Every structure is written in C-alpha cells, then in structure tokens.
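Asks: Throughout the sequence shown, residue numbering follows the working numbering, covering 22 to 451 in sequence.
We put the beta carbon where it would ideally sit given N, CA and C, even for glycine.
Quick caveat: nothing in here was measured; it's all calculated off a predicted structure.
The structure that follows is given in the form of structure tokens.
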Amino acid sequence: MGSRDVADRGGLIAAGAILSGCVAAWSAQGDQTGRIGAHLALYGAAFAAYLVALASARGLSARGLRLAIVAAVVWRVALAAAPPLLSDDVNRSVWEGRIQLHGGNPYAWSDRPEAERWAPLRDEVWRGMNHRDYTAVYPPLWQLVCRAVAAMGGTVWAMKVLLAGCELLALWPLATILRRRGRPREQLLVLAWSPLALVEIAGSGHNEGLGLLLLAAAWAAMESGRPGWSALAAAMGAQVKLLPALVALAWARRYRWWHVLVAAAAAGLLFVPFLAATEEDLTRSLRSLSRHWRFNETLFAPASSALGHDAAVRVGIALVVALAGVLAWRRSDTAVSGLAVVAAVLLLGPNVLPWYALWLLPFLVVRDEPAALLFTGTVAIAYLVYPSWLSGEPWRIGWAWRALEYVPCVLVAAVGRVRPLLTVRPALAG
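Shown next, in the form of structure tokens:
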C-alpha cells in the first residue's frame with residue numbers, strides 16, 4: 022500500500038486497529054457470559070469501528086482489499102482458537118458428530134445426550150452442552166458435517182475453524198455477485214469485518230457459517246444464469262438450517278420444475294443415514310422449539326397474545342411463505358426478496374437470537390440498507406439476558422432492552438423512506 026493510499030485510508034487503518042484490539046480481548050478472555058457489560062462495551066467499540074471502516078473503504082484498491090481480507094482471516098483464527106464466547110451450541114455439534122462414529126443416531130430418543138449408553142464418552146464437551154434431554158434439531162447435512170469433523174479429531178477448535186472457513190469462502194460467490202452487478206468490491210467488508218460474524222461464527226461456533234456459504238452459492242448461481250445449481254445449493258443450505266429454503270421460495274419463478282425435483286431428491290438422500298429414527302424422532306426437537314421456546318420476539322408477542330403461541334407460530338410461517346410467494350410472482354430482485362424474507366422471519370418468529378441476524382449480511386454486502394445493518398449491531402443487546410439467567414431467573418429479556426435493540430433500527434428505516442420524499446418536493450415546487 023503506497024503512502025498516499027495509507028494517508029487516504031487512515032480511518033480504515035484506525036478501525037482495523039480497534040477491531041484487532043477487541044478481537045485480542047475476546048480471544049484472551051474466552052467465555053463472555055459472566056462479563057456481559059464489558060463484552061457489550063467491546064462490541065459497541067467494534068461496531069462503531071466497523072461503520073467507520075465501511076465508510077472509509079470506498080474506492081479501496083485491490084491491494085488494500087486483500088490486506089483487509091488478510092486481517093479478517095487473522096481475526097477469525099484468533100477467535101477460533103479461543104473457547105466459545107457466548108454460546109455452548111458448538112459442544113452439541115461436536116457431541117452429535119462423535120456419537121455417529123459410535124453407531125448412534127442423533128435424532129433417536131434412545132441416543133439423546135443424557136442416555137446412559139453414552140456415559141463412557143462424557144467429557145468437557147458433554148458437560149458444556151445445554152438441553153441434554155433434547156435430540157438433534159438441525160437437518161441431516163449438518164449432522165453429516167459434524168460426523169466428518171468428529172472423524173478428523175472432533176474438537177471444538179476444529180468445528181470453529183471449519184465454520185469460520187466456510188464463512189470466509191462465502192466471500193467468493195458474493196464477489197461474483199458484486200462483479201456482475203457492477204457494485205464496488207470493498208462491499209465484501211460488510212461480511213468480512215462484521216463484529217456479529219466474528220463473535221457468532223469464529224467466536225461462538227454457530228453453524229450459520231456453512232449455511233451462509235450455501236446461501237451465497239445459491240444466489241451467485243442464480244445471478245450467473247444457472248438456476249439448477251442454485252436450487253441444489255439452496256436445498257443443501259436448507260439441510261443445515263431451514264432459512265435458505267424460504268429465501269429460495271422467493272426466487273421460485275426463476276426455477277424450472279425439474280430443478281426443484283432434482284434438488285429435493287438430493288436433499289432427501291441426506292436423510293437415508295438417519296431413517297432408523299422414527300418420524301417423531303426426526304421432528305421432536307424442532308416441534309418442541311416451535312411450541313415452547315420464545316425469546317427477544319417483536320411482532321410475535323401481540324400475535325401470541327391474540328391467537329395463542331401455536332397459532333401465532335403457524336400464522337407467522339404462513340405470512341413468511343405468502344410474502345415469499347408474492348416476491349416470487351413479481352420476480353422481485355433477488356437481493357430485495359432475500360432481505361425481505363430474512364427480515365420477515367426475524368420480525369414474526371418467536372425466537373430472535375443474536376446469530377439469527379447473520380442471515381442479513383450476505384444481502385447487505387450487495388444492497389445498502391442502513392436499518393438492517395444497524396440491527397447487526399443492536400441485536401447484541403439481547404445478551405443482557407445472561408446476568409439474570411445465570412442468577413436463576415427465566416430466559417427472558419424485558420421490553421425496555423428490546424426497545425433499545427429495535428427502535429433505533431425502525432427510526433433509521435423510517436428516515437430512509439421519508440428522506441427521498443423531502444428531496445423530491447422542493448424539486449417539484451421549483
């Protein structure tokens with residue numbers, strides 16, 4: 022990087038230094054659940070630096086972008102080497118891969134983590150797992166990935182490295198989309214430098230890392246005129262988490278019937294290794310999740326009060342599917358429709374855990390939506406649940422904290438809609 026480039030990128034360099042300091046602190050401290058106040062202070066500093074970086078990166082040279090991506094890689098390596106920061110979900114992933122190597126079926130009730138047959142395998146991974154009376158909730162592709170990681174050593178570190186690597190690989194298809202749309206390549210920093218992605222994937226080991234890669238691949242294939250490959254990648258993404266299927270539904274008119282048929286058949290084959298489990302076993306934890314778990318919700322709260330929890334879940338699903346159908350019928354832009362579906366899931370769902378906001382990031386790489394970008398920062402406020410929960414209170418966050426989390430994003434969205442009207446009126450008056 023030349024001296025002029027360095028001078029022009031002072032904001033970017035300063036932001037990178039702040040992010041590096043935050044990553045170093047998280048890596049050194051490890052588990053953040055007992056120090057949420059300090060964590061949120063660091064996260065706030067990291068997010069402010071991130072916004073400065075995005076503003077300072079405009080017109081960044083190819084060499085400057087490469088250096089920025091190298092920094093993003095280094096941060097992920099440091100966080101992957103640390104203990105999980107804010108969630109113990111990665112322990113379950115390691116455990117479910119391990120029992121498959123010993124002939125277990127993670128969906129079977131008889132093979133749930135607390136089953137006595139697994140007593141000889143119990144170690145720190147087992148002790149660090151939550152809800153040990155639950156069977157697997159995530160779809161078969163993820164279970165097979167867990168098995169593969171277990172076969173290669175099966176450590177929390179290995180799982181986190183895999184997921185951070187998948188997230189970084191998602192930059193490749195996103196770069197393809199940016200190039201085809203004529204968008205600046207430095208937009209990749211929306212994902213690469215995101216504090217949310219750093220904390221939740223490399224830091225905590227959430228499987229969104231793989232899901233984001235498959236969703237980005239599906240989107241890039243669609244943008245490149247290969248809808249068959251797009252359908253297949255979306256189907257594989259839905260076998261990690263279900264959201265890519267809803268996004269693909271919003272692109273439905275771009276697929277042919279045989280694309281959907283082949284993709285569905287490929288996804289169906291992934292169930293074969295687990296068919297020894299009953300149909301009830303395969304959906305047991307997912308049904309429990311939808312019926313009983315509720316956290317940090319917004320529009321779901323009044324719907325639940327009016328209709329009851331189960332009916333509100335069904336109505337929310339129906340509204341998301343209807344929205345996706347309308348977007349598909351209108352052949353809405355793929356970025357617009359993808360972002361709309363993710364936003365609808367977040368607004369209508371009974372659970373909005375911070376890592377759910379990760380699904381916004383691929384679309385924000387391509388499309389500027391300040392309110393959605395802000396939410397990837399404010400959603401961390403939900404972690405204020407930890408102090409009360411660790412003291413024995415229910416897993417619940419109050420509406421005052423939720424107001425701080427959601428209202429600024431609503432205001433930013435409103436200003437974004439009103440500002441164009443205010444600029445048009447003077448022109449009409451003239």
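1. Evaluate H313 with the Cβ neighbour count: other Cβ atoms within 10 Å of its Cβ, from every protein chain shown; 16 or more gives buried, anything less gives exposed.
2. On the CB-based measure, 16 or more other CB atoms within 10 Å of its CB, does V439 come out buried or exposed?
3. Using 8 Å as the cut-off, can you tell me whether the stretch 332-349 makes contact with the stretch 362-375, which would need three or more C-beta pairs spanning the two stretches below that distance?
4. Does D144 pass the burial test, meaning 16 or more other C-beta atoms within 10 Å, or should it be called exposed?
5. Going by DSSP, name the residue or residues bridged to N372.
6. Looking at C-beta atoms only, is the number of pairs between the stretch 165-183 and the stretch 219-237 that lie closer than 8 Å three or more?
7. For R274, which option in I57, Y377, D354 has the closest C-alpha, if you only look at C-alpha atoms?
8. Looking at L217 and W376, is the spacing between their C-beta atoms short of 9 Å?
9. Three-state secondary structure (DSSP) at E390?
10. Answer with buried or exposed for H280, where buried requires no fewer than 16 other C-beta atoms within 10 angstroms of its C-beta.
11. Using the C-alpha atoms, what's the distance from L405 back to L33?
12. Hey, is the stretch 406-419 in contact with the stretch 235-248, meaning 3+ C-beta pairs nearer than 8 Å?
13. Quick one: complete alpha helix (DSSP H) runs, 4+ long, within the stretch 191-246?
14. Cutting at 8 Å between CB atoms, please list the residues of its own chain near S48, excluding the five before and the five after it.
15. Indicate whether the contact test is met: 3 or more Cβ pairs, each with one atom in the stretch 117-135 and one in the stretch 156-174, closer than 8 Å.
16. Inspect the CB distances between the stretch 190-202 and the stretch 59-77 and report whether three or more fall short of 8 Å.
17. Can you tell me whether L432 is helix, strand or coil according to DSSP?
18. Pull up the distance between the alpha-carbon of L106 and that of A284, whole angstroms please.
19. Excluding sequence positions up to five away, which residues of its chain have a Cβ less than 7 Å from the Cβ of D389?
20. Please state if the CB of V211 and the CB of V386 are separated by a distance shorter than 9 Å.
21. For A327, verify whether its CB is less than 8 Å away from any heavy atom of the ligand ADP.
22. Cutting at 8 Å between CB atoms, please list the residues of its own chain near L328, excluding the five before and the five after it.
23. Please go through the same chain and pick out, in chain order, the residues whose beta-carbon is closer than 7 Å to the beta-carbon of L122, but skip the five residues on each side of it.
24. Got a sec, what are the start and stop residues for the alpha helix (DSSP H) L162 sits in?
25. Have a look at L316 and L233 and give me their C-alpha separation to the nearest angstrom.
26. Looking at F384 and A356, is the spacing between their C-beta atoms short of 9 Å?
27. Just to confirm, are A361 and A237 a CB contact at a threshold of 9 Å?
28. On the DSSP letters alone, give me the boundaries of the alpha helix (DSSP H) that H60 sits inside.
29. Could you check the C-alpha separation between S108 and T156 for me, to the nearest Å?
30. Taking only three categories from DSSP, how would you classify I338?
31. Cutting at 7 Å between CB atoms, please list the residues of its own chain near G230, excluding the five before and the five after it.
32. Residues in its own chain within less than 6 Å of Q260 by CB, not counting five upstream and five downstream?
33. Are the beta-carbon atoms belonging to I198 and W250 less than 9 Å from one another?
34. State the Cα-Cα distance for the pair A392 and C430, rounded to the nearest angstrom.
35. My assumption, with CB atoms under 8 Å, is that L235 sits in contact with A252. Please give the rounded CB distance.
36. Would L382 pass as a contact of S215 if the rule is Cβ separation under 9 Å?
Replies: Once the coordinates are examined:
1. With fewer than 16 neighbouring CB atoms inside 10 Å of its own CB, H313 falls in the exposed class.
2. Residue environment analysis places V439 among the exposed positions, since fewer than 16 neighbouring C-beta atoms fall within 10 angstroms of its C-beta.
3. Counting Cβ pairs under 8 Å, three or more are found: they touch.
4. Counting Cβ neighbours within 10 Å, D144 comes out exposed, since fewer than 16 surround it.
5. By DSSP's assignment, N372 forms a beta bridge with F316.
6. Yes, since at least three Cβ pairs between the stretch 165-183 and the stretch 219-237 fall closer than 8 Å, the two stretches touch.
7. Each of I57, Y377, D354 was checked against the Cα of R274, and the nearest Cα belongs to D354.
8. Yes, Cβ-Cβ distance for W376 and L217 is below 9 Å.
9. Residue state, collapsed to three classes: coil.
10. That one is buried.
11. Straight-line spacing of the CA atoms in L33 and L405 works out to 30 Å.
12. Touching, no, given that fewer than three Cβ pairs across the two stretches are closer than 8 Å.
13. As far as the stretch 191-246 is concerned, its whole alpha helix (DSSP H) runs of at least 4 residues are 192-202, 210-213, 229-244.
14. Hits under 8 Å: A99, L100, A102, A103.
15. Yes, they touch.
16. Taking 8 Å as the limit for Cβ pairs, the verdict is that the stretch 59-77 does not touch the stretch 190-202.
17. In the structure shown, L432 falls within a helical segment according to DSSP collapsed to helix, strand and coil.
18. A direct Cα-to-Cα measurement between L106 and A284 gives close to 36 Å.
19. Around D389: no qualifying Cβ.
20. Yes; because the gap between Cβ atoms is below 9 Å, this pair is in contact.
21. Looking for the ligand ADP in the displayed structure turns up nothing, as the structure carries no ligands at all.
22. Counting only Cβ-Cβ distances below 8 Å, and skipping sequence neighbours, we find V336.
23. Excluding residues within five positions, the ones whose Cβ falls inside 7 Å are R168, A171, A172.
24. L162 -> alpha helix (DSSP H) spans 161-172.
25. First, the residue type needs correcting, since residue 316 is Phe and not Leu in the sequence shown. Approximately 23 Å between the Cα atoms of the pair.
26. Yes.
27. At a Cβ-Cβ threshold of 9 Å, A361 and A237 do not count as neighbours.
28. Counting along the chain, the alpha helix (DSSP H) containing H60 begins and ends at 57-77.
29. Straight-line Cα distance between these residues: approximately 18 Å.
30. If DSSP states are grouped into helix, strand and coil, I338 belongs with the helices.
31. Within the same chain, G230 has close Cβ partners L184, A185, C187, E188, I222.
32. These residues qualify, in order along the chain: P160, P161, L162, A288, L291.
33. No, Cβ-Cβ distance for I198 and W250 is not below 9 Å.
34. Answer to the nearest angstrom: the Cα atoms are 5 Å apart.
35. About 12 Å separates the two Cβ atoms, so there is no contact after all.
36. Yes, they are a contact pair.
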